[in-house]
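If you count by our numbering, then the sequence shown holds residues 330 to 774, one letter each, in order.
The beta carbon of each residue, even a glycine, is placed where N, CA and C say it ideally should be.
See structure below.
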Amino acid sequence: MTDTTRRGFARASAAALAAASYSRVMGANDRVRLGFIGVGNRGTNLLNGTKEFADQQIVAVCDLLDPLIDRAVTAAGTDPARFKDFRKLLDRNDIDAVVVATPDHWHALMMVMACRAGKDVYVEKPLSLTVVEGRKMVEVAAETNRVVQVGIHRRSSPFCKEAAEVVRSGEIGPVTMARCGVALNQWPLGIGAPPDGPPPDGLDWDLYLGPAPEAPYNENRHLFLFRWFYDYAGGQLTDNGVHFLDLIQWGLGRDRPQAVTALGGKYALHDNREVPDTLQALWEYPGGTQVSFFQSSCNAAPFSDTKPLLAQFRGTKGTVNIYFDSWELVPESNASQSFPARGPLETEAARNYRNSFQPAMEARSGSGSADPRLHIRNFLDCVKSRATPNCDVETAHRSTTTANIATIAYRTRQLLEWDAEKEQFTNHLAANARLSYEYRAPWKL
Numbered sequence: 330m331t332d333t334t335r336r337g338f339a340r341a342s343a344a345a346l347a348a349a350s351y352s353r354v355m356g357a358n359d360r361v362r363l364g365f366i367g368v369g370n371r372g373t374n375l376l377n378g379t380k381e382f383a384d385q386q387i388v389a390v391c392d393l394l395d396p397l398i399d400r401a402v403t404a405a406g407t408d409p410a411r412f413k414d415f416r417k418l419l420d421r422n423d424i425d426a427v428v429v430a431t432p433d434h435w436h437a438l439m440m441v442m443a444c445r446a447g448k449d450v451y452v453e454k455p456l457s458l459t460v461v462e463g464r465k466m467v468e469v470a471a472e473t474n475r476v477v478q479v480g481i482h483r484r485s486s487p488f489c490k491e492a493a494e495v496v497r498s499g500e501i502g503p504v505t506m507a508r509c510g511v512a513l514n515q516w517p518l519g520i521g522a523p524p525d526g527p528p529p530d531g532l533d534w535d536l537y538l539g540p541a542p543e544a545p546y547n548e549n550r551h552l553f554l555f556r557w558f559y560d561y562a563g564g565q566l567t568d569n570g571v572h573f574l575d576l577i578q579w580g581l582g583r584d585r586p587q588a589v590t591a592l593g594g595k596y597a598l599h600d601n602r603e604v605p606d607t608l609q610a611l612w613e614y615p616g617g618t619q620v621s622f623f624q625s626s627c628n629a630a631p632f633s634d635t636k637p638l639l640a641q642f643r644g645t646k647g648t649v650n651i652y653f654d655s656w657e658l659v660p661e662s663n664a665s666q667s668f669p670a671r672g673p674l675e676t677e678a679a680r681n682y683r684n685s686f687q688p689a690m691e692a693r694s695g696s697g698s699a700d701p702r703l704h705i706r707n708f709l710d711c712v713k714s715r716a717t718p719n720c721d722v723e724t725a726h727r728s729t730t731t732a733n734i735a736t737i738a739y740r741t742r743q744l745l746e747w748d749a750e751k752e753q754f755t756n757h758l759a760a761n762a763r764l765s766y767e768y769r770a771p772w773k774l
């Protein structure tokens with residue numbers, strides 16, 4: 330039984346419990362009343378996608394910046410209530426679900442507090458900043474019987490599902506290697522290195538920091554660029570990497586690596602980011618599979634010969650490539666070209682070995698959309714039905730953990746052995762200390 334199959338039984342039970350405990354029984358035609366927490370670029374994109382559905386109502390928006398609130402209110406077109414403190418939004422009893430699209434260091438607290446306030450949650454990826462946070466989020470979602478969808482939106486893409494099923498079926502044989510990566514070019518200045526200074530008028534910088542360590546305001550620690558500072562995120566590995574690593578674990582049917590290592594650094598960019606501009610990470614999975622991730626912020630050439638590749642699975646009988654809007658199966662070519670016949674000197678064993686490499690399947694492909702609106706639609710449906718969403722919190726925790734432990738391997742420059750059941754490293758105590766961090770008072774998870 331695969332890791333993903335094993336969890337199916339638990340999910341079914343959890344869904345039944347959730348249906349029994351939901352305080353507002355909703356019918357298929359009822360509207361889901363929504364609050365949006367964080368309406369920067371991603372939050373506004375989600376809001377614009379959500380408002381297209383007739384069975385929802387945007388009743389509240391929350392952000393620390395008035396211009397972003399103004400933009401979201403205009404986009405919603407429903408005169409939603411305005412908040413700067415998310416806790417006041419959560420206090421409202423006319424909200425069924427919230428959408429959390431804040432910097433990563435807020436995901437855990439906001440999801441947990443929303444669940445405890447009786448709200449279902451759509452929380453953006455990555456699920457959490459740390460492994461310990463992620464496990465707590467899983468526990469609280471179960472304890473409160475809330476529907477939690479995590480914004481790894483390709484889980485709702487039919488063509489991605491089809492590709493993952495092909496890999497998982499065993500059609501391409503045992504997969505010994507899989508890979509993914511991100512390539513862009515920010516050379517030479519990257520995000521720049523602006524000096525610290527006072528926060529913009531109206532921005533509550535202390536509330537922005539929340540549980541994160543106290544730090545002076547810097548424009549690069551705010552808005553989109555927070556991703557490049559470890560107090561708030563983990564760089565490309567946890568930002569885009571989580572999407573691609575999730576695809577790989579979905580296809581493998583395995584989400585519990587047993588070892589990880591990573592190397593990289595700031596090799597070329599002259600800015601104040603903390604995360605590397607160049608990185609390679611490698612995981613080993615039980616059953617004999619290596620997964621690799623590469624990140625280049627100094628060269629944008631894709632790591633495929635045709636078009637940008639999300640994930641690649643290399644099996645003994647063929648290869649599956651997943652792109653942004655399609656997938657393809659490429660059979661292994663006839664190995665007689667690599668192992669030519671040896672004439673009268675060829676033994677029967679050698680001939681059988683050579684002939685065993687005949688193509689085992691036909692090349693084929695599929696295409697489709699990975700539009701995030703498919704994921705939003707699934708969330709709204711699950712809020713009503715109490716079914717398990719396509720990217721539930723446990724699934725997202727496993728994929729986010731895979732990225733997070735590689736970040737720890739990079740920062741410790743170690744080959745780390747990982748006990749996926751205990752969620753602990755077995756060979757490095759200092760690495761275990763990075764599985765969580767102490768929240769700044771008064772915040773508690």
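Buried is the label assigned to Tyr-652, since at least 16 other Cβ atoms lie within 10 Å of its Cβ. The beta-carbon separation of Tyr-451 and Val-428, rounded to 5 Å, stays under the 8 Å limit for a contact. For Pro-396, the secondary structure class from DSSP, reduced to helix, strand or coil, is helix. Residues of the same chain with a CB within less than 7 Å of the CB of Ile-481, apart from the 5 flanking positions on each side, are Lys-454, Val-571, His-572, Asp-575, Cys-720, Ala-725 and Ser-728 in chain order. When Cβ pairs closer than 8 Å are counted between the two stretches, the region 483 to 490 is seen not to touch the region 741 to 755, the count staying below three. Cβ neighbours of Arg-550 within its own chain (closer than 6 Å, five residues either side excluded): Phe-558.
Exposure of Arg-680 is indicated by the presence of fewer than 16 other C-beta atoms within 10 angstroms of its C-beta.
Leaving aside the five residues that flank Ala-410 on each side, the residues in its chain whose CB is nearer than 6 Å to its CB run, in chain order, Ala-389.
Between Met-690 and Gly-647, the C-beta spacing is below 8 Å.
Spatial neighbours of Ala-640 in its own chain (CB-CB distance under 6 Å, excluding positions within 5 residues in sequence) are listed in chain order as Cys-509, Phe-573, Leu-576, Ile-577 and Ile-651. With contacts defined by Cβ atoms closer than 8 Å, Val-467 and Glu-752 do not form a contacting pair. Residue state for Arg-693 is assigned as strand, using DSSP reduced to three classes. Straight through space, the alpha carbons of Arg-585 and Thr-731 are spaced by roughly 8 Å. For the set Ala-597, Thr-676, Ala-383 and Val-461, the Cα lying nearest the Cα of Ala-762 is the one of Val-461. The alpha-carbon of Leu-518 is positioned some 28 Å away from that of Trp-435.
The Cβ atoms of Asp-530 and Pro-545 do not sit closer than 8 Å to each other.
Annotation: the continuous beta strand (DSSP E) that includes Ser-655 extends over 655 to 660.
As a beta-bridge residue in DSSP terms, Met-506 pairs with Gln-619 and Arg-643. Phe-382 places its beta carbon less than 8 Å from that of Leu-709. Distance from Val-659 to Ala-692 at the Cβ level is roughly 6 Å; contact confirmed, criterion being Cβ atoms closer than 8 Å. DSSP, read as helix, strand or coil, puts Asn-707 in helix.
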